[in-house]
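Structure, as structure tokens:
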Amino acid sequence: MLGMAIAGSAASERWAAWAFLKRWMLQVSPLFAEIRPREMVLLSLVAGFGEEALFRGVIQPLSGTWLASLLFAVIHVLRWDSDGIKMMAFYMPFGLLLGELYVLTGNLWGCCIAHTLYDLIALWWMQRLLRR
Numbered sequence: 192m193l194g195m196a197i198a199g200s201a202a203s204e205r206w207a208a209w210a211f212l213k214r215w216m217l218q219v220s221p222l223f224a225e226i227r228p229r230e231m232v233l234l235s236l237v238a239g240f241g242e243e244a245l246f247r248g249v250i251q252p253l254s255g256t257w258l259a260s261l262l263f264a265v266i267h268v269l270r271w272d273s274d275g276i277k278m279m280a281f282y283m284p285f286g287l288l289l290g291e292l293y294v295l296t297g298n299l300w301g302c303c304i305a306h307t308l309y310d311l312i313a314l315w316w317m318q319r320l321l322r323r
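Numbered continuously in our numbering, the sequence shown closes out at residue 323.
Structure, rendered in structure tokens:
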């Protein structure tokens, strides 16, 4: 997923199908433009562990992997337009991967760590692009 995000942000200059990713990044980047490394780590930990505890630990056992992943994708949509639908299509597979990791291991730790690392690298990548 991270590879898709990085490749998509780089490809958006040449391939219009990925331009939504760059628009999304520009929408959320002001929120993270001045965040310090320590805050980046803390935010990633809270989001990674908090979201996984909710979606994999509470929602998925009650509703299944697909619905939990759909809800996970929905909360990451900023606006309900064509870009928002594309973002859902981007986050749904990430939710499914995390959901299946939970099913395979029966443990939230792997999901929490994977989500935290994804968020941390994504925040770092956004800052890197903003500083150019």
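Virtual Cβ for every residue (Gly too), placed ideally from N, Cα, C. All of these numbers come straight from a predicted model, not from anything done at the bench.
Inset, instruction - Could you tell me the distance, in whole angstroms, from the CA atom of arginine 227 to the CA atom of aspartate 274? - result: Spanning the alpha carbons of arginine 227 and aspartate 274 requires a straight line of approximately 28 Å.
Inset, instruction - Answer with buried or exposed for alanine 264, where buried requires no fewer than 16 other C-beta atoms within 10 angstroms of its C-beta. - result: Burial call: buried.
Legend entry - Stretch pair the stretch 238 to 249 + the stretch 275 to 294: three plus CB contacts closer than 8 Å: Contact between the stretch 238 to 249 and the stretch 275 to 294 is present, with at least three C-beta pairs closer than 8 Å.
Legend entry - Reference tryptophan 215; option with closest CA among Leu258, Arg322, Ile276 and Cys303: The shortest Cα separation from tryptophan 215 among Leu258, Arg322, Ile276 and Cys303 belongs to Ile276.
Inset, instruction - Look up histidine 267 in the DSSP assignment and say whether it is helix, strand or coil. - result: Histidine 267 carries a coil assignment under DSSP once its states are collapsed to helix, strand and coil.
Inset, instruction - Measure the CB-CB distance between methionine 231 and leucine 311 and report whether it falls below 8 Å. - result: Contact flag set, yes.
Inset, instruction - Please state whether DSSP places isoleucine 276 in a helix, a strand or coil. - result: It is helical.
Inset, instruction - My understanding is that leucine 314 touches leucine 234, with C-beta atoms under 8 Å, so please give their C-beta distance in whole angstroms. - result: The Cβ separation is near 7 Å, so the contact holds.
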